[in-house]
Amino acid sequence: MISVVLKLLSVVLPISLCRTKMAASETVLRLPLGSLSPSSHLSSSFLTSTPLLSFKPSSTRKRRGLRCTTISMARGNTFHSPDRVFKGKKSHSTRCKCQRNDVEENIRSTLLPSDGLKSDLDEMPLPVNGSLSSNGNVQSAAGTNSIEDEAWDLLRQSIVYYCGSPIGTIAANDPNSTSVLNYDQVFIRDFIPSGIAFLLKGEYDIVRNFILYTLQLQSWEKTMDCHSPGQGLMPASFKVKTVPLDGDDSMTEEVLDPDFGEAAIGRVAPVDSGLWWIILLRAYGKCTGDVSVQERVDVQTGIKMILKLCLADGFDMFPTLLVTDGSCMIDRRMGIHGHPLEIQALFYSALVCAREMLTPEDGSADLIRALNNRLVALSFHIREYYWLDMKKINEIYRYQTEEYSYDAVNKFNIYPDQIPSWLVDFMPNRGGYLIGNLQPAHMDFRFFSLGNLWSIVSSLATNDQSHAILDFVEAKWAELVADMPFKICYPAMEGEEWRIITGSDPKNTPWSYHNGGSWPTLLWQLTVASIKMGRPEIAEKAVELAERRIAIDKWPEYYDTKRARFIGKQARLYQTWSIAGYLVAKLLLANPSAAKFLTSEEDSDLTNAFSCMISANPRRTRGRKKTQQPFIV
Ligand code: GLC
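Letter by letter, the sequence shown follows residues -25 to -1, 1 to 608 in mature numbering (1 follows the signal peptide of the UniProt record, and there is no 0).
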């Protein structure tokens, strides 16, 4: 706490002095605390080009959050009631007194296509009457379009406003749910498909606001039992709260209250949030053609803070990111601590996106060098050691163990007995996938969908591997899709394994929730991946299947059972990312070229470095004379 105060003082004072209108108690956000020294970032260009917000953070837990003052029109009648906010209606009766400088202006002046903004979307065929079917034909009003129309209505109803501006979508908007838990919050990861749906629809404000407001939350003071996580962490979620203003009953203020995991079930820091934020930022620039957001000094600082946190040296021998259980979409114990594929795919993707967006400046040369080196090492590690197909299983089956040497083939000392019996029958002759996790003497052979799909999207997987993953999905359709796309992982843990690994989690029972449940939101990632590989028919088939039930079932969060036949036991209905995931899939199938806002192609530097590393790998060269080659890209 003391160190946080000192850090704040050290950077706040100079700025406060520069901005005489700011109240003495206010603290400026978007300060590169910690690793970035004040002097390096408080240059005159920083002060003039960075829209500094004068939102007031509060040091007490009770009064934390970004604040925006509103005046109740009558005593006791607060117009920004959570209810109205969450019903998605703007309250016109409130007056926002946010003391923002140009950010308010910037946010409000978000350009729409009609504003003359150059967008790749402009060059695309526009859907007639709102939508095209996946094969490009206009759907009849009585057909699938009604599902899409319903989805759009629901998505809009889930919009959350802050100071009158749309800034995100709540996780679920189930009117009949008695226990809301934290599903009334805007989750960073859940907003990604919403944001993409809005981008593809040409509605850019909400995405831009989301990017800029969550950026303000990044610098927030966050502690759990006196311990603070690293600067640069993005919250898992945030909530807009309307609270009475101190000392004045007639005034209320809106507060953006972030949760970095200090209130989340299990208290896990969301490693994926910052990575998704970078991915969305890049998609925003690509889709709108407006790179001014990513070029802002505060946004550039935000990107660097995330990168510094991820690229910081630790005890690791692996280039993969070491995280705790539950630090991503699977946000409770599922035995994925260590180096889970989902985080590695998002990490890789965020590095690639950041590299594209970082503006060259003297101070960032080291960071860019570290980023490039990590990209090479990470892709090599995942492609080589996470890949699994029939050939590789057979290789593992015949592994020698206890190899002490630099040229060990079985580098991680995997005992062949670890090959699970389900895998032997499960692996098709054609196809393969990236395993869930790799640790010393441990391979997690489970198939995790998001990690595999995003490895295709980001080109973390090679072209051949990407096709092989899709071959695998097609071959294992009955297991991975069955009645509703898409299994979050396969297979489920049962019995003693479930008891030990999940801690007897009653929500993660076999074939439910994270433990082999089926999540409709994964449709959008499946769609991007299959379009990227020129195989959209896979996504079309999945969307068709989803359309048979998803609206009738009220857009559940997930489905249970091996074949996804039941609506999830504790699944929320009207889950926003199920709705948005479906919409993104439809929009992309109608306009496949828009998938490029999300995909990354492998660059030639990386391919060259990678092939050099492959040829230096003992597994391929045992018996031949090798030379060790260091790679600095
Ligand atoms: C569940 C999911 C998590 C999601 C959250 C809000 O906790 O596991 O991934 O972000 O719900 O929908």
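Built from N, CA and C at the ideal position, the CB exists for glycine as well.
- Message: If I follow the unbroken alpha helix (DSSP H) through residue 461, where does it start and stop?
- Response: As a first step, residue 461 is located in the sequence shown; it is residue number 486 there, counting from the start. No alpha helix (DSSP H) holds residue 461; DSSP gives it neither H nor E.
- Message: Which complete alpha helix (DSSP H) runs does the segment 224 to 285 hold, if anything under 4 residues is left out?
- Response: 246 to 263 and 267 to 270
- Query: Anyone know if the C-beta pair for residue 513 and residue 531 falls short of 7 Å?
  - Reply: Start at 1 with the first residue of the sequence shown, and residue 513 comes out as number 538. Start at 1 with the first residue of the sequence shown, and residue 531 comes out as number 556. Residue 513 is not a Cβ neighbour of residue 531, given a cutoff of 7 Å.
- When the distance is taken between beta carbons, is residue 504 closer than 7 Å to residue 428? Within the sequence shown, numbered from 1, the residue matching residue 428 stands at position 453. Within the sequence shown, numbered from 1, the residue matching residue 504 stands at position 529. For the 7 Å CB-CB criterion, residue 428 and residue 504 form a contact.
- Identify the continuous alpha helix (DSSP H) that holds residue 135 and give its terminal residues. As a first step, residue 135 is located in the sequence shown; it is residue number 160 there, counting from the start. For residue 135, there is no enclosing alpha helix (DSSP H); the enclosing beta strand (DSSP E) has its first and last residue at 134 to 137.
- Cβ shell of residue 296 (< 8 Å), same chain only, five flanking positions each side left out: As a working note, residue 296 is residue 321 in the sequence shown. Excluding five sequence positions before and after residue 296, the CB atoms of its chain that fall closer than 8 Å to its own CB belong to 246, 285, 314, 318, 319 and 322, given in chain order.
- Message: When you compare the segment 449 to 462 with the segment 345 to 359, are there three or more beta-carbon pairs, one atom per stretch, that lie closer than 8 Å?
- Response: Contact between the segment 449 to 462 and the segment 345 to 359 is not established, with fewer than three Cβ pairs separated by less than 8 Å.
- Item | Three or more C-beta pairs below 8 Å linking the segment 151 to 159 and the segment 480 to 490 | no
- Query: To which residues of the same chain is residue 299 closer than 8 Å at the C-beta, ignoring the five residues directly before and after it?
  - Reply: Stepping through the sequence shown from its first residue, residue 299 is reached at position 324. Excluding positions up to five away in sequence, the list reads 243, 244 and 312.
- Task: In angstroms with no decimal places, state the Cα-to-Cα distance between residue 534 and residue 457.
- Result: On the sequence shown, position 559 is the one that residue 534 refers to. On the sequence shown, position 482 is the one that residue 457 refers to. Approximately 11 Å between the Cα atoms of the pair.
- Distance, Cα to Cα, residue 399 vs residue 436? By 1-based counting over the sequence shown, the position of residue 399 is 424. By 1-based counting over the sequence shown, the position of residue 436 is 461. Spanning the alpha carbons of residue 399 and residue 436 requires a straight line of approximately 23 Å.
- Message: Tell me which residue opens and which closes the beta strand (DSSP E) that residue 421 is part of.
- Response: The residue labelled residue 421 in the question sits at position 446 within the sequence shown. Note, residue 421: beta strand (DSSP E), 417 to 423.
- Item | Proximity below 7 Å, CB of residue 213 to CB of residue 190 | Looking up residue 213 in the sequence shown gives position 238. Looking up residue 190 in the sequence shown gives position 215. Not closer than 7 Å, so no.
- Task: With residue 144 as the anchor, note down where its beta strand (DSSP E) starts and where it stops.
- Result: In the sequence shown, the residue the question calls residue 144 occupies position 169. From DSSP, the beta strand (DSSP E) with residue 144 extends over 140 to 144.
- Is the Cβ of residue 180 closer than 7 Å to any Cβ of chain B? This model lacks chain B altogether, as it is built from one protein chain only.
- Would you call the CB atoms of residue 361 and residue 326 closer than 7 Å? In the sequence shown, counting from the first residue as 1, residue 361 sits at position 386. In the sequence shown, counting from the first residue as 1, residue 326 sits at position 351. Not closer than 7 Å, so no.
- Task: Please work out which residues of its chain come closer than 6 Å, Cβ to Cβ, to residue 518, disregarding the five sequence neighbours upstream and downstream, and give them in chain order.
- Result: If you number the sequence shown from 1, residue 518 lands on position 543. These residues qualify, in order along the chain: 560.
- Query: Going by the beta-carbon positions, is the gap between residue 550 and residue 482 smaller than 7 Å?
  - Reply: Numbered from 1 along the sequence shown, position 575 holds the residue referred to as residue 550. Numbered from 1 along the sequence shown, position 507 holds the residue referred to as residue 482. No. Outside cutoff.
- Message: Can you list, in chain order, the residues of its chain with a C-beta nearer than 6 Å to that of residue 328? Leave out the 5 residues immediately preceding and following it.
- Response: To locate residue 328, count along the sequence shown from 1; it is residue 353. Cβ within range, chain order: 253, 254 and 257.
- Check whether the Cβ atoms of residue 461 and residue 407 lie closer than 7 Å to each other. Taking the sequence shown and counting its residues from 1, one reaches residue 461 at position 486. Taking the sequence shown and counting its residues from 1, one reaches residue 407 at position 432. No, they are not a contact pair.
- Message: Within 10 Å of its beta-carbon, does residue 583 have 16 or more other beta-carbons around it, so buried, or fewer, so exposed?
- Response: To locate residue 583, count along the sequence shown from 1; it is residue 608. Residue 583 should be labelled exposed.
- Task: Grab the span of the beta strand (DSSP E) containing residue 412 for me, first residue to last.
- Result: Within the sequence shown, residue 412 is the residue found at index 437, counting from 1. 407 to 414 is the span of the beta strand (DSSP E), which, as asked, contains residue 412.
- Proximity test, residue 164 beta-carbon vs the ligand GLC heavy atom, cut-off 6 Å: Counting from 1 along the sequence shown, the entry for residue 164 is found at position 189. Yes.
- With burial defined as no fewer than 16 other Cβ atoms inside 10 Å of the residue's Cβ, what is the status of residue 98: buried or exposed? Position 123 of the sequence shown, counted from the start, is the residue given in the question as residue 98. The pLDDT assigned to residue 98 is 39, lower than 50, so where the model puts this residue is not dependable; a value taken from the coordinates is nonetheless given after this. Exposed, since its Cβ has fewer than 16 Cβ neighbours within 10 Å.
- Would you tell me roughly how many angstroms separate the C-alpha atoms of residue 261 and residue 574, rounded to the nearest one? Looking up residue 261 in the sequence shown gives position 286. Looking up residue 574 in the sequence shown gives position 599. Spanning the two alpha carbons is a distance of roughly 11 Å.
- Query: Which residue's Cα is closest to the Cα of residue 555: 174, 281, 496 and 287?
  - Reply: Position 580 of the sequence shown holds residue 555. Considering only alpha carbons, the answer is 496.
- Query: Taking the Cβ atom as the reference point for each residue, do residue 529 and residue 548 lie within a distance shorter than 7 Å?
  - Reply: Here the question's residue 529 lines up with position 554 in the sequence shown. Here the question's residue 548 lines up with position 573 in the sequence shown. Cβ atoms of residue 529 and residue 548: closer than 7 Å.
- For residue 282, collect the residues of the same chain with a Cβ closer than 7 Å to its Cβ; drop the 5 residues on either side in sequence, then sort them by chain order. For the purposes of this step, residue 282 is taken as the residue at position 307 of the sequence shown. Closer than 7 Å at the Cβ level, and outside the excluded window around residue 282, lie 329, 342 and 346.
- Please report the residue range of the alpha helix (DSSP H) in which residue 572 lies. Numbered from its first residue, the sequence shown carries residue 572 at position 597. Residue 572 -> no alpha helix (DSSP H), and no H or E assigned at all.
- Task: Run the CB neighbour count on residue 472, radius 10 Å, all protein chains shown included, and call it buried at 16 or more, exposed below.
- Result: Here residue 472 corresponds to residue number 497 of the sequence shown, with the count starting at 1. Burial call: exposed.
- Task: Return the residue from the list 380, 293 and 388 that minimises the CA-CA distance to residue 372.
- Result: On the sequence shown, residue 372 is found 397 positions in, with the first residue counted as 1. Measuring from the Cα of residue 372, the nearest candidate turns out to be 388.
- Enumerate in chain order the residues of its own chain whose CB-to-CB distance from residue 199 is below 8 Å, with the five nearest sequence positions on each side excluded. Taking the sequence shown and counting its residues from 1, one reaches residue 199 at position 224. Same-chain partners within the cutoff: 236, 237 and 242.
- Message: I'd like to confirm the pairing. Which residues does DSSP put opposite residue 202 in its beta bridges?
- Response: Indexing the sequence shown from 1 puts residue 202 at position 227. Checking the DSSP bridge columns, you'll see residue 202 partnered with 199.
- Message: Since residue 324 and residue 182 should fall inside the 8 Å C-beta cutoff, what is the C-beta to C-beta distance between them, to a whole number of angstroms?
- Response: Here residue 324 corresponds to residue number 349 of the sequence shown, with the count starting at 1. Here residue 182 corresponds to residue number 207 of the sequence shown, with the count starting at 1. Contact doesn't hold; Cβ gap of about 18 Å is too wide.
- Query: Is the beta carbon of residue 146 within less than 6 Å of some heavy atom of the ligand GLC?
  - Reply: Your numbering for residue 146 matches position 171 in the sequence shown. Result yes, Cβ under 6 Å from the ligand GLC.
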